[in-house]
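What follows is a set of notes on a single structure, which appears directly below.
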Amino acid sequence: MPRLGLNMKEGLLVKWLAGDGERVEKGQPLFVVETDKVTNQVEAEVGGILRHVVREGSSVPVANVVAYILQEGEALPSGVRPVVPQPQAARPAVPPSPSAAPAQAVRASPAARRRARELGVDLQGVPGTGPDGAVTVEDVERYAAQKAAPEAPSEVRITPAARHLAQELGVDLASVTPSGPGGRITREDVERAAAQKAAPAPEEVIVPLEGVRAVIAQRMHRSLQETAQVTLATEVDATNLVQARALVNAAREQQGQDPISYNAILVKVVAMALREFPYMNATFSEGAIHQHRDIHIGLAVDTERGLLVPVVRHADRKSIPQIHRELRALAERALAGQSTLDDLSGGTFTITNLGALGVEVFTPVLNYPEVAILGVGRIVPKPVVYQGGLYIRDRMALSLTFDHRLVDGAPAARFLQRVGGLIESLRPDLEWWA
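If you want it as structure tokens, here you go:
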């Protein structure tokens, strides 16, 4: 079981992609593993005959063996038993329920298994509603709540008038709290239950802090706890940016190509600024500042699983159309929940853009251990003094959050000023578009 993240302790072997006893080649996908953060395919490092020793749906600690790849004539290590089909037992008179399946057949996410241990729930009895019948955290909690609920009394004590009224009003007697002698339900009890049923009940949604949401929470807390974060804000003239993008996209449309996004342009602009200010292209590790030669820029993407930051590698060496295509592919995988570890790791600087959501100015939080993060607001036409006259110009707010332990305010401000200058001087004839 590979380690797909620094905090990974175990992974769920979701599906075998190569059968037991099948000959596999180096680089061939062997199985799918799922963690709280990513789903990834694991490939064969060598060729040979694959022998499974772990079943699909098993949660396996990191570095534990899930299979062997053997050469011709080679046997499994002593004491290791391969996974073989279960022998068919004599069929009982009454077929067992699905909950009676062997423990090895239970498919459950690592988070669901942890929750089951916390609540003392046997996963074999939990119906799964996840992909391919996998047990989810919600399934475990629902099952535990049902087990904890008291059983309804076998006989309902009720007056004839109250029973007749309950039938007229469609009131479930199990939901009525009796107040009469000996626990008898009265007419007033039924009327009270009917009134409560008619009144809209406030809804409360409890969302467990787990999976990607828990990872985000841990990282944001660590970022704010371990760094001295300062944010500088400025407003730049984005008129040339808007016009250059419009001209380039008009030409692309005639060629049947999709329009370049603002994010692709911003990634290129920031990458070129980082070339000039390498102290901003850095991370903090083991008590030292690591200034990176390669420029790998992460772009925050909002997904159903939470905030993910896919990384464009060597962004300064790529043209804007190249970055656009790469960002589109990264975003599609992130939104589909198919991001790989390579997609989400290795960033040296992050951009977060909330302009599409109507946000003008905000304070981004550092993507620890990176030194800085740039927040981008929406583009707004505003009246400004320009070349001695009053004109309507497109304006954009930029917010640079940096770790003041590692970078002083003036150097950070110079970097932000350079980013703004590159945006303001953007032209459609730059070689960046080629």
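Just so we're aligned: 309 in our numbering is position 302 of the sequence shown, and the numbers increase by one with no gaps anywhere. Just so it is clear, CB atoms sit at the ideal spot from N, CA and C, and this is done for glycine as well.
Bounding residues of the beta strand (DSSP E) (the contiguous stretch that carries residue i)
i	result
A58	Correcting the residue type first, residue 58 is Arg in the shown sequence and not Ala. Taken as a continuous stretch (DSSP letters only), the beta strand (DSSP E) holding R58 covers G55 to H59.
D309	V308 to T310
R124	From DSSP, R124 is part of no beta strand (DSSP E) but of the alpha helix (DSSP H) over P117 to L126.
D350	From DSSP, D350 is part of no beta strand (DSSP E) but of the alpha helix (DSSP H) over L348 to L351.
G80	Looking at the DSSP string, G80 is not in any beta strand (DSSP E), and its letter there is neither H nor E.
D323	It is not in any beta strand (DSSP E) - D323 carries neither H nor E in the DSSP assignment.
R400	G396 to D410
H297	A295 to Q298
N360	F356 to N360
T136	Here T136 belongs to no beta strand (DSSP E), and DSSP marks it neither H nor E.
S292	A289 to S292
Candidates the options, of which the one nearest residue i by Cα
i	options	result
D442	T166, A173, A118 and H171	No answer is possible for residue 442: it lies beyond the span of the chain, which begins at 8 and ends at 441.
I140	R114, R332 and R385	In the sequence as presented, Ile is not what sits at residue 140; that position holds Gly. Of R114, R332 and R385, the residue nearest in Cα terms is R114.
E148	R120, P388, P167 and R170	R120
H321	A341, G365 and V276	V276
D244	G55, P388, V31 and V73	P388
S65	L57, I165 and V39	V39
I296	I302, N288 and H303	N288
R124	R30, A151, V178 and R412	A151
V249	R434, L20, V144 and W439	R434
Q236	D410, T46 and K16	D410
V69	N270, G18 and G384	G18
T359	A307, I330, V391 and N374	A307
L334	F291, Q298, V383 and L273	L273
R400	R332, V222, E431 and R425	E431
F291	R412, P188 and Q131	R412
K33	E41, R259, T46 and G55	G55
A240	E260, G427 and A336	G427
G294	I330, A253, S268 and T234	T234
F356	V366, R425 and I302	I302
S186	G177, D196 and R425	D196
P89	V61, K154, Q153 and A168	V61
W439	R340, R385 and H331	H331
H299	L126, A278 and L216	A278
M15	R30, E41, V31 and Q35	E41
E29	I76, M8 and V45	I76
G177	L126, P188, P167 and A200	A200
E339	D309, E198, E367 and G362	D309
DSSP-derived helix/strand/coil call for residue i
i	result
F284	coil
L24	coil
A173	helix
F422	helix
M227	helix
R182	The displayed chain sequence assigns Ser, not Arg, to residue 182. Three-state result, S182: helix.
P105	Its pLDDT being 40, under 50, P105 is placed unreliably in this model, and the value from its coordinates should be taken loosely. Of the three classes helix, strand and coil, the one that applies to P105 here is helix, per DSSP.
D244	strand
P317	coil
N71	coil
A151	helix
D265	coil
V488	Nothing can be reported for residue 488, as the shown portion of the chain is limited to 8 through 441.
R194	helix
A141	coil
Q48	strand
R489	Outside the displayed span of the chain (8 to 441) sits residue 489, for which this structure offers no information.
I302	coil
G416	helix
Q445	This structure cannot speak to residue 445, because the chain is shown only from 8 to 441.
G86	coil
R30	strand
E438	helix
I213	coil
Beta-carbon separation (whole angstroms), residue i vs residue j, contact threshold 8 Å
i	j	result
H59	A74	5 Å
G354	V316	6 Å
S116	T136	About 12 Å; that fails the 8 Å criterion.
L348	L11	5 Å
L20	V67	6 Å
L351	V319	Actually they do not touch by this definition, with Cβ atoms about 12 Å apart.
Proximity test, Cβ basis, 8 Å: residue i and chain D
i	result
G354	The structure shown has no chain D; it contains just one protein chain.
Limits of the alpha helix (DSSP H) - the one that residue i falls within
i	result
I386	Careful: I386 lies outside any alpha helix (DSSP H), inside the beta strand (DSSP E) at A379 to Y393.
A338	I327 to L342
When the Cβ atoms of the segment 396 to 413 are set against those of the segment 318 to 327, are three or more pairs found closer than 8 Å? no
The segment 419 to 434 in contact with the segment 267 to 286 per 3-pair CB rule at 8 Å: yes
Please determine if the segment 21 to 31 and the segment 50 to 63 are in contact, where contact requires at least 3 C-beta pairs separated by less than 8 Å. yes
Pairs of beta-carbons, one from the segment 176 to 187 and one from the segment 195 to 204, closer than 8 Å: are there three or more? yes
Count the CB pairs spanning the segment 376 to 384 and the segment 341 to 348 that are closer than 8 Å, and state whether there are at least three. no
Evaluate the contact criterion for the segment 185 to 192 versus the segment 166 to 175: three or more CB pairs, one atom per stretch, below 8 Å. yes
Does the count of Cβ pairs from the segment 358 to 374 and the segment 214 to 234 closer than 8 Å reach three? yes
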